[in-house]
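Worksheet for the structure shown next.
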Amino acid sequence: MSKLMKKQGSAGIFIGLIVVVAIATALIVALLANIAERKAEGKSQYVRIVEVTEDTTDPAEWGKNWPKQYDSYKRTALATKTTFGGHGGSEALPEQKIERPEYHWLKRMFKGYAFSIDYRDRRGHAYMLSDQEETKRHNVKQSGSCIHCHASIMPVYRELGDGDAMAGMKKTHAMSYQEVNKMAHDMGHGHPVSCVDCHDPDSMAIRVTRPGFIEGIQRLAESDAPVPAIPSIDIWRQGDKKTPYDPNEDSTRNEMRSFVCGQCHVEYYCSSDFPLTFPWGNGLKMDDLEKFWDETKLTSGDRFYDYKHKETGAPILKAQHPEFELWSQGVHAKSGVSCSDCHMPYQRDGASKVSDHWVRSPLLNVNRACQTCHRKSEQEILDLVDNIQQTNYKLLLRGGEALNDLMDAVMEAKAAGATPEQLNPALEFQRKAQWRLDYIAAENSMGFHAPQEAARILGEAADYARQGQVEALKLIKH
Ligand code: HEC
Ligand code: HEC
Ligand code: HEC
Ligand code: HEC
Ligand code: HEC
Numbered sequence: 026m027s028k029l030m031k032k033q034g035s036a037g038i039f040i041g042l043i044v045v046v047a048i049a050t051a052l053i054v055a056l057l058a059n060i061a062e063r064k065a066e067g068k069s070q071y072v073r074i075v076e077v078t079e080d081t082t083d084p085a086e087w088g089k090n091w092p093k094q095y096d097s098y099k100r101t102a103l104a105t106k107t108t109f110g111g112h113g114g115s116e117a118l119p120e121q122k123i124e125r126p127e128y129h130w131l132k133r134m135f136k137g138y139a140f141s142i143d144y145r146d147r148r149g150h151a152y153m154l155s156d157q158e159e160t161k162r163h164n165v166k167q168s169g170s171c172i173h174c175h176a177s178i179m180p181v182y183r184e185l186g187d188g189d190a191m192a193g194m195k196k197t198h199a200m201s202y203q204e205v206n207k208m209a210h211d212m213g214h215g216h217p218v219s220c221v222d223c224h225d226p227d228s229m230a231i232r233v234t235r236p237g238f239i240e241g242i243q244r245l246a247e248s249d250a251p252v253p254a255i256p257s258i259d260i261w262r263q264g265d266k267k268t269p270y271d272p273n274e275d276s277t278r279n280e281m282r283s284f285v286c287g288q289c290h291v292e293y294y295c296s297s298d299f300p301l302t303f304p305w306g307n308g309l310k311m312d313d314l315e316k317f318w319d320e321t322k323l324t325s326g327d328r329f330y331d332y333k334h335k336e337t338g339a340p341i342l343k344a345q346h347p348e349f350e351l352w353s354q355g356v357h358a359k360s361g362v363s364c365s366d367c368h369m370p371y372q373r374d375g376a377s378k379v380s381d382h383w384v385r386s387p388l389l390n391v392n393r394a395c396q397t398c399h400r401k402s403e404q405e406i407l408d409l410v411d412n413i414q415q416t417n418y419k420l421l422l423r424g425g426e427a428l429n430d431l432m433d434a435v436m437e438a439k440a441a442g443a444t445p446e447q448l449n450p451a452l453e454f455q456r457k458a459q460w461r462l463d464y465i466a467a468e469n470s471m472g473f474h475a476p477q478e479a480a481r482i483l484g485e486a487a488d489y490a491r492q493g494q495v496e497a498l499k500l501i502k503h
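The sequence shown runs contiguously to residue 503 in this note's numbering.
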């Protein structure tokens, strides 16, 4: 009985095994067929009419393969205007920011630096190279580092570095702007940011190319600063860290949708003393960046500064468009909402989804940029943004007046005979106040990217400015 059962049992197992193997084989065959099909789909998703390579910087060539994205990309040449976004002025040139009466303190705080000569509203990507070529900031000699964010420059970097773009970039700070710009045009790469700067020409995957960003984000990964907006850095930190954090390998696709913009929309150092630097070694908060600069030394051995203020002599830190950094401190970044979600939203095009390459203010596009997530009327959303921006604007102007009063007080103290040593505490407050004020003035969302953080920074700006004013006034005998 038990023997029979055993026999029957093993026959059963045998048959069962055959069935399992058959099913598994069928599944594997189906899977392989499916993969082959997907691969074919992946390839046929884009009909390639022309071959594009790492050296194809002309967007019109890519446009032959991807006409929908190219069409929207070309619209960045159109003028846009919202209450605080886009630009005023003529189509020939955007309006001067520094000439607006309410920004009188802006022009004054840049005295001694090229930004007091020419500082305009930004406009669409199509103009980035020509606007840079035309700015009167070139009345002062500018370094070759400038072009990092204004042209499709990678082939020039590779040429300068014998194939190594990072090495090539590190030569450009010692060259003049005109020299590097001429190379770009002579080699046929005189284009604004182009498809190849954000896309792998073989796979079309989004990627980052800019050496400044790659080095900056590695520096951030190697620090122990919290990075709630970039979870892949935490994962890399938990690993063996044998190879540096590589944004193109280690990040998520969602992070890449912000990284591509972080190649340029960031605070940086860009002059002739040392190579282009993104100051992220202590973290992405305003205070972390300030600490990084305070710890940096110029080749002269002095503590880092961008310029000495022409009237007061304070060693000033110039802030530049920290969109990536401010965004990283806001609720959207922490909820995984990327730059592209708002500035390059999907649009339906028949059966396919196309990312809008007309990069511009999302307020011109609330339906696709915001209402996909926020179930509120367009007007309600616009009112919410306006409330945030007007609050920020008021704080900004108050900070500006406070800084102006500080500079007045320092000039009075100087006239009354105060020595540089005596003035030092007031000038240190000027450095701290101006850095904070400029950080939010130069950031282009008028506080929207992180409203509470922007308010904190402006609150500190006004406080430091008033403390500096008090220090200067103490030096005047009444
Ligand atoms: C949740 C949506 C959202 C996200 C995410 C976002 N932005 Fe914005 N951004 C806005 C809004 C709203 C404005 C204000 C537009 C205005 O005033 O017209 C703005 C303004 C800007 C401007 C100025 C626009 C203009 O027309 O002058 C730039 C540049 C910008 N953002 C870049 C970025 C970058 C870079 C990132 C990612 C690091 C980012 N933004 C993330 C919504 C967003
Ligand atoms: C790390 C990237 C980066 C570097 C390096 C850089 N820029 Fe820009 N530049 C930008 C971005 C982003 C904007 C648009 C946002 C804005 O205007 O605030 C811009 C805007 C401009 C504008 C138009 C608005 C204005 O300021 O009048 C000019 C002109 C300009 N840059 C010139 C220069 C010059 C000259 C240099 C070298 C000293 C330089 N840029 C270096 C990223 C960069
Ligand atoms: C290679 C550098 C570079 C990259 C990459 C880049 N930008 Fe820009 N962006 C600029 C410069 C420079 C300007 C200013 C051009 C000018 O004023 O002539 C600008 C302008 C803008 C504006 C103002 C448009 C307007 O109509 O006023 C917005 C918004 C913007 N960028 C958002 C983004 C977003 C979002 C991304 C990522 C998807 C991105 N940028 C990627 C350099 C860059
Ligand atoms: C500043 C960076 C940037 C530039 C420059 C850029 N793209 Fe894109 N592109 C993106 C982002 C971000 C996406 C969304 C990718 C994703 O979510 O995976 C995208 C998506 C695409 C896609 C995939 C389908 C879609 O629409 O989502 C194609 C195709 C494409 N871009 C073509 C182009 C072409 C052609 C150019 C030049 C004319 C170009 N791109 C320039 C950032 C850029
Ligand atoms: C991909 C989804 C997504 C998109 C797109 C998006 N948001 Fe949000 N937004 C969120 C999330 C998540 C929060 C966090 C609070 C919550 O859960 O409502 C938030 C919060 C906010 C807040 C309140 C928080 C604050 O910053 O103080 C405002 C205002 C806001 N969004 C406006 C906008 C506007 C304007 C746009 C379009 C330019 C936009 N959002 C696009 C997801 C999104």
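Using N, Cα and C, we set each Cβ at its ideal position, and we do this for glycine too.
Treat the numbers as computed from the prediction; the structure is a model and nothing was measured.
inquiry  = Measuring straight from C-alpha to C-alpha, what distance separates Leu407 and Asn390?
reply    = Position 382 of the sequence shown holds residue 407. Position 365 of the sequence shown holds residue 390. One C-alpha to the other measures close to 11 Å.
inquiry  = Could you check if His357 belongs to the surroundings of ligand 5, using beta carbon to heavy atom distance under 8 Å?
reply    = Working through the sequence shown from its first residue, we reach residue 357 at position 332. Within the cutoff, so yes.
request  = List the whole-angstrom C-beta distance separating Ala339 from Leu452, where the pair is believed to meet the contact cut-off of C-beta under 8 Å.
outcome  = For this step, residue 339 is matched to residue 314 along the sequence shown. For this step, residue 452 is matched to residue 427 along the sequence shown. That pair is a contact at about 4 Å.
message = Taking 8 Å as the cut-off, is the C-beta of Ala480 nearer than that to any heavy atom in ligand 5?
response = Here residue 480 is taken as the residue at index 455 of the sequence shown, counted from 1. No; taking the cut-off as 8 Å, the Cβ of Ala480 has no heavy atom of ligand 5 nearer than that.
ask   = Taking 8 Å as the cut-off, does the CB of Thr397 come closer than this to any heavy atom belonging to ligand 5?
value = Stepping through the sequence shown from its first residue, residue 397 is reached at position 372. Judged by the Cβ position, Thr397 qualifies as a neighbour of ligand 5 at the 8 Å threshold, a heavy atom of the ligand being closer than this.
ask   = What residue does the alpha helix (DSSP H) around Val410 start on, and which one ends it?
value = The sequence position of residue 410 within the sequence shown is 385, counting from 1. Residues 403 to 440.
message = Let me confirm a value: Lys195 is counted as buried when at least 16 other C-beta atoms fall within 10 Å, else exposed. Which label applies?
response = On the sequence shown, position 170 is the one that residue 195 refers to. Looking at its Cβ environment, which holds 16 or more other Cβ atoms inside 10 Å, Lys195 is buried.
Among Arg133, Pro180, Ser201, Asp225, the one whose alpha carbon lies nearest that of Ala192 = The count along the sequence shown starts at 1 and reaches residue 192 at position 167. Relative to Ala192, the option among Arg133, Pro180, Ser201, Asp225 whose CA is nearest is Pro180.
ask   = Run through DSSP, which three-state label would Arg461 get?
value = Counting from one through the sequence shown, the residue named residue 461 turns up at place 436. Arg461 carries a helical assignment under DSSP once its states are collapsed to helix, strand and coil.
inquiry  = Taking 8 Å as the cut-off, is the beta-carbon of Val75 closer than that to any non-hydrogen atom of ligand 4?
reply    = The sequence position of residue 75 within the sequence shown is 50, counting from 1. Not so, every heavy atom of ligand 4 lies at least 8 Å from the Cβ.
query = Looking at His382 and ligand 4, is the gap between the Cβ and the nearest heavy atom below 8 Å?
reply = Translated into positions along the sequence shown, residue 382 becomes position 357. Result yes, Cβ under 8 Å from ligand 4.
ask   = For Arg232, which residues from the same chain have a beta carbon less than 6 Å from its beta carbon, with the 5 sequence-adjacent residues on both sides left out?
value = Start at 1 with the first residue of the sequence shown, and residue 232 comes out as number 207. Closer than 6 Å at the Cβ level, and outside the excluded window around Arg232, lie Asp225, Asn273.
query = From what residue to what residue does the beta strand (DSSP E) around Arg373 run?
reply = Translated into positions along the sequence shown, residue 373 becomes position 348. Residues 371 to 374.
message = According to DSSP, is Tyr294 part of a helix, a strand, or is it coil?
response = Along the sequence shown, read from residue 1 onward, the residue named residue 294 stands at position 269. Of the three classes helix, strand and coil, the one that applies to Tyr294 here is strand, per DSSP.
query = Terminal residues of the continuous alpha helix (DSSP H) containing Ser386?
reply = The count along the sequence shown starts at 1 and reaches residue 386 at position 361. In the DSSP assignment, Ser386 falls outside any alpha helix (DSSP H), carrying neither H nor E.
key: Assigned secondary structure, Tyr504 (DSSP; H/G/I helix, E/B strand, else coil)   = Nothing can be reported for residue 504: it is not among the residues displayed for the chain, which extend from 26 to 503.
task = Could you spell out the range, first to last residue, of the alpha helix (DSSP H) harbouring Val285?
result = Mapped onto the sequence shown, residue 285 falls at position 260. Residues 278 to 287.
inquiry  = For Asp463, which residues in the same chain have their Cβ closer than 6 Å to its Cβ, ignoring the five residues on either side in sequence?
reply    = Counting from 1 along the sequence shown, the entry for residue 463 is found at position 438. In the same chain as Asp463, and ignoring 5 residues on each side of it, the C-beta atoms closer than 6 Å to its own belong to Ala344, in chain order.
request  = Report yes if the C-beta of Gln20 is less than 8 Å from at least one heavy atom of ligand 5; otherwise report no.
outcome  = Absent from the structure is residue 20, since the part of the chain shown begins at 26 and ends at 503.
Cβ shell of Pro445 (< 8 Å), same chain only, five flanking positions each side left out = In the sequence shown, residue 445 corresponds to position 420, counting from 1. Gly338.
task = Can you check DSSP and say which residues form a bridge with Val379?
result = Locating residue 379 in the sequence shown gives position 354, where the first residue counts as 1. Gln372.
task = Could you tell me if the beta carbon of Asn279 falls within a distance shorter than 8 Å of some heavy atom in ligand 2?
result = Residue numbering aside, residue 279 sits at position 254 when the sequence shown is read from its first letter. In terms of side-chain proximity, the C-beta atom of Asn279 is found no nearer than 8 Å to any non-hydrogen atom of ligand 2.
request  = Answer yes or no: do Glu280 and Pro256 have a C-beta to C-beta separation smaller than 9 Å?
outcome  = Sequence index remark: in the sequence shown, residue 280 carries index 255 (1-based). Sequence index remark: in the sequence shown, residue 256 carries index 231 (1-based). Their beta carbons are under 9 Å apart, which means Glu280 touches Pro256 by this criterion.
task = Kindly provide the ranges of any alpha helix (DSSP H) runs that are 4 or more residues long and lie completely inside the region 201 to 243, ordered along the chain.
result = Those alpha helix (DSSP H) runs which fall completely within the region 201 to 243 and span 4+ residues are 202 to 211, 220 to 223.
query = Is the beta carbon of Tyr98 less than 9 Å from the beta carbon of Trp352?
reply = For the purposes of this step, residue 98 is taken as the residue at position 73 of the sequence shown. For the purposes of this step, residue 352 is taken as the residue at position 327 of the sequence shown. Using a Cβ distance threshold of 9 Å, Tyr98 and Trp352 do not count as a contacting pair.
ask   = Between Lys166 and the rest of its own chain, which residues show a CB-CB distance below 7 Å, the 5 nearest in sequence each way excluded?
value = In the sequence shown, residue 166 corresponds to position 141, counting from 1. Closer than 7 Å at Cβ, skipping near neighbours: Ser201.
key: heavy atom of ligand 1 below 8 Å from Arg147 C-beta   = Mapped onto the sequence shown, residue 147 falls at position 122. Yes, ligand 1 has a heavy atom inside 8 Å of this Cβ.
key: Run of the alpha helix (DSSP H) containing Gln477, from where it starts to where it stops   = Position 452 of the sequence shown, counted from the start, is the residue given in the question as residue 477. Annotation: the continuous alpha helix (DSSP H) that includes Gln477 extends over 476 to 498.
Asp146 vs His112 beta-carbon contact at 9 Å = Here residue 146 is taken as the residue at index 121 of the sequence shown, counted from 1. Here residue 112 is taken as the residue at index 87 of the sequence shown, counted from 1. Their beta carbons are under 9 Å apart, which means Asp146 touches His112 by this criterion.
inquiry  = Tell me the DSSP secondary structure of Thr302 in three-state form.
reply    = By 1-based counting over the sequence shown, the position of residue 302 is 277. Three-state DSSP puts Thr302 in a strand.
key: Straight-line Cα distance separating Gln354 from Glu478   = As a first step, residue 478 must be located in the sequence shown, where it is residue number 453. As a first step, residue 354 must be located in the sequence shown, where it is residue number 329. Roughly 7 Å separates the two Cα atoms.
ask   = Can you name the start and end residues of the alpha helix (DSSP H) that Tyr98 belongs to?
value = Start at 1 with the first residue of the sequence shown, and residue 98 comes out as number 73. DSSP places Tyr98 inside the alpha helix (DSSP H), whose first and last residues are 92 to 99.
query = Going by beta carbon distance, what residues of the same chain come within less than 8 Å of Ala427, once the five residues before and after it are set aside?
reply = In the sequence shown, counting from the first residue as 1, residue 427 sits at position 402. By the criterion of a C-beta distance shorter than 8 Å, Ala427 is surrounded in its chain by Ala458, Ala486, Ala487, Ala490, Arg491, Gln494, once the five residues flanking it on both sides are discounted.
task = Please state whether DSSP places Ile142 in a helix, a strand or coil.
result = Numbered from 1 along the sequence shown, position 117 holds the residue referred to as residue 142. Note: Ile142 maps to coil in three-state DSSP.
ask   = Hey, how far is the Cα of Ala104 from the Cα of Gly149?
value = For this step, residue 104 is matched to residue 79 along the sequence shown. For this step, residue 149 is matched to residue 124 along the sequence shown. A direct Cα-to-Cα measurement between Ala104 and Gly149 gives close to 7 Å.
request  = Might you give, ordered along the chain, the residues of its own chain that have their beta carbon closer than 8 Å to the beta carbon of Ala438, omitting 5 neighbours on each side?
outcome  = For this step, residue 438 is matched to residue 413 along the sequence shown. Only Gln447, Leu448, Ala451, Ala497, Leu498, Leu500, Ile501 meet the Cβ criterion.
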